[in-house]
Amino acid sequence: MSETTESCGCSRTTTQQATGTAPNEGTISRRNALIAGVAGGTGAVALSACSEGGSSRGSGNNNSSAGGQGPNEPTDMGSAADVPAGKAAKLTAGKVTAIVSQPQEGTFKAFSSTCTHQGCQVNVQGGAKIVCPCHNSQFSLSDGAAQGGPAEKPLESYKVEVKNGRIWVG
122 MSETTESCGC SRTTTQQATG TAPNEGTISR RNALIAGVAG GTGAVALSAC
172 SEGGSSRGSG NNNSSAGGQG PNEPTDMGSA ADVPAGKAAK LTAGKVTAIV
222 SQPQEGTFKA FSSTCTHQGC QVNVQGGAKI VCPCHNSQFS LSDGAAQGGP
272 AEKPLESYKV EVKNGRIWVG
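Position in the sequence shown (first residue = 1) + 121 = my numbering.
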């Protein structure tokens, strides 16, 4: 059995089967079949956790997840005062969740809250960083570009508008 580490930090365990001339070579006992099935299932789970798009959660191509989804139409996300200049906030209105930033005074940006690496929900740390808790990918407040970690693609951007002091996304 050997363990390797993927570039995203996940570890994967593989097994090698010894070959030889056993008396019952070519036959498989129930015990060995059960062990092989468990080992194969565990390996499949480990591989899907480390692969791009290995699961529906990890595809990075959808806007929906446990944390919410992108807007289908303009959605009132809250007061513009909730997002100070130079900061960002994760805002939710109904089923819509978005990262809204104000990189410069009066300029608002909105992004998907779904990481482009494996579809985890990103968070805003200290109002100043957009970070994925799964593999530590980091994204720019000004354009959603990937700035570190395994994610290579930017966060999906949404249209954002401020009307009467309210942030509208979509």
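Heads up, the beta-carbon is just placed ideally off N, CA and C, and yes, glycines get one too.
Query raised in the report: Is Ala219 closer than 8 Å to Val283 when the C-beta atoms are compared?
Result: No, Cβ-Cβ distance for Val283 and Ala219 is not below 8 Å.
Query raised in the report: Quick one: what does DSSP say Asp264 is sitting in, helix, strand or coil?
Result: Correct three-state label for Asp264: coil.
Query - DSSP-derived helix/strand/coil call for Ala209 - result: It is a strand residue.
**Report entry** Through-space distance from Leu262 to Lys274, alpha-carbon basis
**Finding:** Across the structure, Lys274 and Leu262 are spaced so that their CA atoms are roughly 14 Å apart.
Query raised in the report: Roughly how many whole angstroms lie between the Cα atoms of Ile288 and Pro271?
Result: Cα to Cα, Ile288 sits roughly 31 Å from Pro271.
**Report entry** DSSP bridge partner residues for Lys230 (one or two, in chain order)
**Finding:** According to DSSP, which records beta bridges pairwise, Lys230 is partnered with Ser222.
**Report entry** Extent of the continuous beta strand (DSSP E) to which Asn257 belongs
**Finding:** Run containing Asn257: none; DSSP gives neither H nor E here.
Report task. List the residues that DSSP assigns as beta-bridge partners of Val243. Result -> Under DSSP, Val243 shares a beta bridge with no residue.
Report task. Determine the DSSP secondary structure at Ala214, reduced to helix, strand or coil. Result -> Of the three classes helix, strand and coil, the one that applies to Ala214 here is strand, per DSSP.
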